[in-house]
Amino acid sequence: MTIPTVTSMAQFPVARSLAADCRKSKTLAKNHKKNKPAKVRASIVPGAVLILLAGRFKGTRVVCLKQLNSGLLVVSGPFKVNGVPLRRVNPAYVIATSTKVDISGVNTEKFTDEYFKRPADTKTRGAEDFFAQHKETTQIDAGRIADQKETDKALLAAINKTPLLKGYLGAKFTLSKGQFPHAMKF
Numbered sequence: 001m002t003i004p005t006v007t008s009m010a011q012f013p014v015a016r017s018l019a020a021d022c023r024k025s026k027t028l029a030k031n032h033k034k035n036k037p038a039k040v041r042a043s044i045v046p047g048a049v050l051i052l053l054a055g056r057f058k059g060t061r062v063v064c065l066k067q068l069n070s071g072l073l074v075v076s077g078p079f080k081v082n083g084v085p086l087r088r089v090n091p092a093y094v095i096a097t098s099t100k101v102d103i104s105g106v107n108t109e110k111f112t113d114e115y116f117k118r119p120a121d122t123k124t125r126g127a128e129d130f131f132a133q134h135k136e137t138t139q140i141d142a143g144r145i146a147d148q149k150e151t152d153k154a155l156l157a158a159i160n161k162t163p164l165l166k167g168y169l170g171a172k173f174t175l176s177k178g179q180f181p182h183a184m185k186f
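Each residue of the sequence shown is one higher than the one before, starting from 1 at the first, in UniProt numbering.
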C-alpha cells in the first residue's frame with residue numbers, strides 16, 4: 001500500500017481559498033488604520049472642573065482647557081491655586097464635575113501635542129553616565145513659564161468672579177468611609 005503524496009495545493013481547493021482569504025484580510029487591516037481623535041465624554045467640555053484620578057496630582061481638581069488631536073485633554077490647576085501646571089491628561093483618568101469656569105479669556109491656540117513633546121535626548125549614554133553621582137536637572141523653558149503665568153492670570157480672573165471656587169479648586173478630593181464614587185453625582 002502506497003501513501004499518496006501532495007504535489008500542489010491545487011488538489012485541495014478549500015485550503016487554497018482559505019490561505020488567500022487570510023492574506024487579503026491582513027493587507028486590508030494595514031490599509032484601514034487611521035489615527036482619529038477619540039470621542040470625549042459629553043460631560044468633559046472646555047471650562048469644566050475635572051478631578052484627576054491618577055498620576056502625581058491624583059485627587060486634585062483642575063480646569064479643562066481643550067482637547068488635543070491625540071484625544072488627550074489640556075488641563076491647568078491653575079498653578080497658583082493648587083500647583084498643577086499646564087499638562088496633558090488622558091480623559092479615561094478624570095471625573096468631570098458639574099462645576100464650570102468661563103474660560104473665554106484664555107488663549108489655548110498654542111497648546112498642541114507638539115507643544116508638550118519633550119526634546120529628544122541627544123547624548124549617548126555610557127557606563128560613566130549610568131554610575132554618575134549627580135543627575136542633571138532639566139530646566140523648564142522660559143516660554144513655558146510665561147505661558148503658564150498668562151494662562152493662570154486669565155483663569156484666576158474668571159475663578160475670582162465665583163465665590164468659594166478658588167477654595168474648591170485648592171481642596172483635594174477624598175472619599176470617606178461609606179462613600180462610593182459610582183453612587184455620587186458630581
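By construction, the Cβ of each residue, glycine as well, lies at the ideal position given by its N, Cα and C atoms.
One alpha carbon belongs to LYS100, the other to SER176, and they sit about 25 Å apart. Across the structure, VAL106 and GLY170 are spaced so that their CA atoms are roughly 20 Å apart. A straight line joining the alpha-carbon of PHE180 with that of PHE186 spans about 12 Å. A Cβ-Cβ separation of about 7 Å places LEU52 in contact with VAL89 under the 8 Å criterion. Counting every other CB atom within 10 Å of its CB across the protein chains shown gives GLY55 a total below 16, marking it as exposed. In the three-state scheme derived from DSSP, where H, G and I count as helix and E and B as strand, LEU72 is classed as coil.
Within its own chain, the residues whose Cβ lies closer than 7 Å to the Cβ of PRO46, once the five positions on either side in sequence are excluded, are CYS64, LEU65, LYS66 and ILE103, listed in chain order. If the five residues before and after PHE79 are omitted, its C-beta is found closer than 6 Å to the C-beta atoms of PRO85, GLN148 and ASP152, all from its own chain and listed in chain order. Secondary structure of LEU175 (DSSP, three-state): coil.
Following the DSSP letters along the chain, one finds GLN148 inside the alpha helix (DSSP H) bounded by residues 142-159.
Burial is judged here by how many other beta carbons sit within 10 angstroms of a residue's own beta carbon; ILE159 has at least 16 and is buried. Bounds of any beta strand (DSSP E) do not take in LEU169; it lies within the alpha helix (DSSP H) bounded by 165-170. A Cβ-Cβ separation of about 6 Å places VAL62 in contact with SER76 under the 8 Å criterion. Of the residues assessed, PHE111 falls on the buried side of the cut-off, its CB having 16 or more other CB atoms within 10 angstroms. The beta carbon of ARG87 is closer than 7 Å to those of VAL75 in its chain, skipping five residues each way along the sequence. The closest CA to that of ASN69, considering only GLY83, VAL40, LYS58 and VAL49, is found on VAL40.
Bounds of any beta strand (DSSP E) do not take in VAL84, whose DSSP letter is neither H nor E.
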